[in-house]
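Same order as they appear, the protein sequences are chains A and B.
Per our numbering: the first sequence = residues 1 to 102.
Per our numbering: the second sequence = residues 1001 to 1414.
Glycine included, every Cβ here is placed at the ideal spot set by N, Cα and C.
Everything numeric in this text was worked out from a predicted model, so none of it was measured.
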Amino acid sequence: MLLLTCPNCGLTVEETELAPGGEAHLTRFGPASGDAEFEAYLFLRDNAKGVHFERWCHAYGCGKWFLAARDTATLQVFGTYSAQTKEPPAEILESIAKGRAT
Amino acid sequence: MRRFSAFAIAREALRHHEGWGRTWAKRPPKARYDVVIVGAGGHGLATAHYLGKNFGITNVAILEKGWLGGGNTGRNTTIIRSNYLQDPSAALYEKARSLYETMSQDLNYNVMFSPRGVIMLAQTHHEVRGYKRTAHANSLQGVQTEWIGPERVKELCPIMNIEGPRYPVLGGLWQARGGTARHDAVAWAYARACTDMGMDILQTCEVTGIRRDGGRVTGVETNLGEIGCDKLGIVVAGHSGVLAEMAGFRLPLESVALQALVSEPIKPCMDVVVMANTVHGYMSQSDKGEMVIGGGTDGYNNYTQRGSFHHIEETLRALVETFPMISRLKMLRQWGGIVDVTGDRSPILSKTPVEGVFINCGWGTGGFKAIPGSGWGMAELMAKGHSPLTEAFGLERFREGRFIDESVAAGVAH
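Dropping the structure here:
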């Protein structure tokens, strides 16, 4: 059972309380963009085997979205952070570097 | 290749079964092949087989990171059906189903195809309308299915409780010619036929890089050394994204874990396949007597071949309500496979941005049923550059908005 800490309410909860929302840090493209950009935004995914940045919603809790860094090959969680970020914060990157070294 | 026959059994019985020989040959890799297929699962082996059988291309190697048929080919619930809604899907899956019918004879290998019939239960009024529509679409497509009422469902599967409190059975979509087959035997049969045509099957051969020269593939790097090729077929299901990254392009896929489980063997009690998509569960009985059960996928990306326990709980809860007699059954084993899911729940059989590289992926939760048809179309695509079977399943459909939306037919069980 996957356990994640919601940075919005501070609770560490089981995955049954959460709704997964797919890859994080996607660049949004709207109607004015070209077909290739729109395709990349809507469909193309890194689908990484390894570190994956992803969106989660604390659906059966505070109801708010947050982001998580997780290894899809080991299920190790490196940390969770606010959804109001354009890229993973320094402490998450540090936690990934430390976690993958051990 | 020594043919299997009643005479062969008698002959071997008289000499202590010492003359059977290997099912497929073990040879070291050559430096170069016309075609290299990555992935010796059902789809990869079927592609290689039809390249040889239909197009005479036999200088082919099939590379496999693990062991032959050890991925999703050996992890599925062996259901075969073709009751899809959209025309391109119906054509592809019906081609596959029809090839399954004669596969044992064609490949001289018993794949135990059992056309026992598949019922997809309708347990909401939406599903009733959806399946009636599918039945009409199927009759136009030449796929034999029919809408049946709850009494007929009960007659076909007496152990079912059709008057469940939450989701009573309102009817079903019945495909009498659907059924099951022995999944490992399908891989073994194709492997045997491939090796008989002189193709090389290289197990424990992991691709670590894809060599290109001016936008064209020239070969692959593997742990067994470099192997040159003119054409490369990537048929690796869950790990498609990893191979695509090596070739330098991205795919509209996400890899998630799908789980299945089997019960202890019991006396024959159910001679059809039942799929219940509303409550997330499907079940059939194997020839050994085990109840073979599948359920839903996890929602998050995962490459670990194990999924979340609560999905098993949900599946069993739903099935116990639908089949009360299984409530005391012990489950023998449970496993997971990594499935690659596309946005429209339809597969990708396509050329790629790299010339000479073709990809067959995105079968998501239901690739086993399609193995022969997928191999047939993929072989034609690789040999001739186009195929009527795979035309609609190109990568460009996502950019162009030509989805083959099968989430109704395939949303859960597959």
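Proximity of residue i and residue j at Cβ, strictly below 8 angstroms
i: R45/A; j: E1012/B; result: no
i: V1036/B; j: L1232/B; result: yes
i: T1342/B; j: P1252/B; result: yes
i: E23/A; j: F66/A; result: no
i: G21/A; j: R55/A; result: yes
i: S1263/B; j: L1319/B; result: no
i: L1029/B; j: D1200/B; result: A small fix is needed here, since residue 1029/B is Pro in this sequence, not Leu. Closer than 8 angstroms, so yes.
i: A1193/B; j: H1049/B; result: yes
i: V1272/B; j: R1116/B; result: yes
i: D1034/B; j: N1059/B; result: yes
i: L1014/B; j: E1406/B; result: no
i: K98/A; j: T72/A; result: no
i: L1173/B; j: A1135/B; result: yes
i: R1075/B; j: A1260/B; result: yes
i: M1378/B; j: T1390/B; result: yes
i: G1215/B; j: E1355/B; result: yes
i: E1127/B; j: F1113/B; result: no
i: F1358/B; j: F43/A; result: no
i: G1373/B; j: K1095/B; result: yes
i: I1062/B; j: A1383/B; result: no
Burial state of residue i (16 or more Cβ within 10 Å)
i: R1402/B; result: exposed
i: I1009/B; result: exposed
i: C1205/B; result: buried
i: S1089/B; result: buried
i: A90/A; result: exposed
i: T1222/B; result: buried
i: K1369/B; result: buried
i: R1003/B; result: exposed
i: G1241/B; result: buried
i: W1376/B; result: buried
i: M1001/B; result: exposed
i: E11/A; result: According to the sequence as given, residue 11/A is Leu; it is not Glu. Result: exposed.
i: L4/A; result: buried
i: Q84/A; result: exposed
i: S1005/B; result: exposed
i: F1007/B; result: exposed
i: S1308/B; result: buried
i: D1087/B; result: exposed
i: A1413/B; result: Model confidence at A1413/B stands at a pLDDT of 43, short of 50, so the residue's coordinates are unreliable; what they give is reported in the following sentence. Classification of A1413/B: buried, given that the 10 Å Cβ count is 16 or more.
i: P88/A; result: buried
Bridge partner(s) assigned by DSSP for residue i
i: T1222/B; result: V1207/B, G1225/B
i: R1216/B; result: D1213/B, E1355/B
i: Y1033/B; result: C1229/B
i: F66/A; result: W56/A, S82/A
i: N1360/B; result: L1349/B
i: G1281/B; result: A1276/B
i: M1291/B; result: Q1285/B
i: G1337/B; result: L1258/B
i: M1120/B; result: L1173/B, M1275/B
i: G1179/B; result: I1080/B
i: R1045/B; result: For the sequence presented, residue 1045/B should be read as Leu rather than Arg. Answer is none; L1045/B lacks a bridge partner.
i: M1331/B; result: S1263/B
i: A1061/B; result: V1036/B, D1200/B
i: S1114/B; result: T1180/B
i: T1322/B; result: T1322/B is not bridged to any residue.
i: D71/A; result: V51/A
i: L4/A; result: V13/A
i: I1234/B; result: V1038/B, I1359/B
Any non-hydrogen atom of the ligand COA within 7 angstroms of residue i CB
i: T80/A; result: Summarising the ligand content, the structure contains no ligands, and the ligand COA is consequently not present.
Legend entry - Contact set between the segment 39–60 of chain A and chain B, restricted to residues whose Cβ is under 9 angstroms from the partner: E39, A40, L42, F43, L44, R45, D46, N47, A48, K49, G50, H52, E54, W56
Inset, instruction - Could you list the residues in the segment 1246–1269 of chain B with a C-beta less than 8 angstroms from some C-beta on chain A, going in chain order? - result: R1250, L1251, P1252, L1253, E1254, S1255
Inset, instruction - With 7 angstroms as the C-beta to C-beta threshold (strictly closer), list the residues of the segment 4–18 of chain A near chain B in chain order. - result: E15, T16
Inset, instruction - Could you say if the segment 51–65 of chain A and the segment 6–24 of chain A meet the contact criterion of at least three C-beta pairs nearer than 8 angstroms? - result: yes
Legend entry - Cβ contact check for the segment 1070–1083 of chain B and the segment 1164–1181 of chain B: 3 or more pairs under 8 angstroms: yes
Legend entry - Cβ-based contacts, 7 angstroms cut-off: residues of the segment 1303–1326 of chain B near chain A: Y1303, T1304, S1308, F1309, H1310
Legend entry - Members of the segment 72–100 of chain A near chain B, C-beta cut-off 9 angstroms: T72, A73, T74, L75
Legend entry - Three-pair Cβ contact test at 8 angstroms for the segment 1207–1215 of chain B versus the segment 1234–1247 of chain B: yes
Legend entry - Interface positions of the segment 1384–1405 of chain B facing chain A (Cβ-Cβ less than 8 angstroms), listed along the chain: F1398, R1399, E1400
Inset, instruction - Determine contact between the segment 1310–1318 of chain B and the segment 1278–1291 of chain B, defined as no fewer than three beta-carbon pairs at a distance below 8 angstroms. - result: yes
Inset, instruction - Report yes or no: do three or more beta-carbon pairs, one from the segment 1066–1077 of chain B and one from the segment 1096–1106 of chain B, lie closer than 8 angstroms? - result: no
Inset, instruction - Scan the segment 1186–1209 of chain B for residues whose Cβ lies nearer than 8 angstroms to a Cβ of chain A and list them as they occur along the chain. - result: none
Inset, instruction - Select from the segment 21–36 of chain A all residues with a C-beta closer than 9 angstroms to any C-beta belonging to chain B, and list them in chain order. - result: G21, G22, E23, D35, A36
Inset, instruction - Using a Cβ-Cβ cut-off of less than 9 angstroms, give me the residues of the segment 1266–1291 of chain B that come near chain A, in sequence order. - result: none
Inset, instruction - Could you tell me whether the segment 1158–1177 of chain B touches the segment 1321–1338 of chain B, using the rule of 3 or more Cβ pairs below 8 angstroms? - result: yes
Legend entry - Within 7 angstroms of chain A by C-beta, residues of the segment 1027–1047 of chain B in sequence order: none
Legend entry - Under 8 angstroms (Cβ pairs) to chain A, residues found in the segment 1115–1127 of chain B: none
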